[in-house]
Amino acid sequence: MAEISKNTTIGELLMVFPEAAPILMEIGMHCLGCPSAQGETLEEAAMVHGLDAELLVEKINAAKKAAGK
Numbered sequence: 001m002a003e004i005s006k007n008t009t010i011g012e013l014l015m016v017f018p019e020a021a022p023i024l025m026e027i028g029m030h031c032l033g034c035p036s037a038q039g040e041t042l043e044e045a046a047m048v049h050g051l052d053a054e055l056l057v058e059k060i061n062a063a064k065k066a067a068g069k
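Residue numbers (the numbering used here): 1 to 69.
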């Protein structure tokens with residue numbers, strides 16, 4: 001998976017870039033291990049938490065790039 005998108009599920013994200021967990025935790029997404037969260041897209045999770053999905057994806061992709069992944 002080259003780039004993370006708003007359609008990427010939390011489960012997929014954590015599989016390919018586990019370093020994203022602290023990013024998600026700091027914005028209030030604390031149940032990353034919940035079975036329902038694993039199948040939820042970043043867009044769906046952002047909506048539930050009142051966040052802008054595009055900004056979240058940009059932040060994760062910037063961190064991924066900075067990590068050389």
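Positions of the beta carbon are idealized from the N, C-alpha and C atoms, including for glycine.
In terms of residue numbering, what span does the alpha helix (DSSP H) encompassing residue i cover?
| i | result |
| --- | --- |
| Ser36 | Pro35 to Gln38 |
| Lys59 | Ala53 to Ala66 |
| Leu32 | Taken as a continuous stretch (DSSP letters only), Leu32 belongs to no alpha helix (DSSP H), as it is neither H nor E. |
Spell out the partners DSSP gives residue i in its beta bridges.
| i | result |
| --- | --- |
| Thr9 | Thr41 |
Mapping the DSSP letters down to three states, classify residue i as helix, strand or coil.
| i | result |
| --- | --- |
| Glu19 | helix |
| Leu2 | Strictly speaking, residue 2 in this sequence is Ala, with Leu absent from that position. Correct three-state label for Ala2: coil. |
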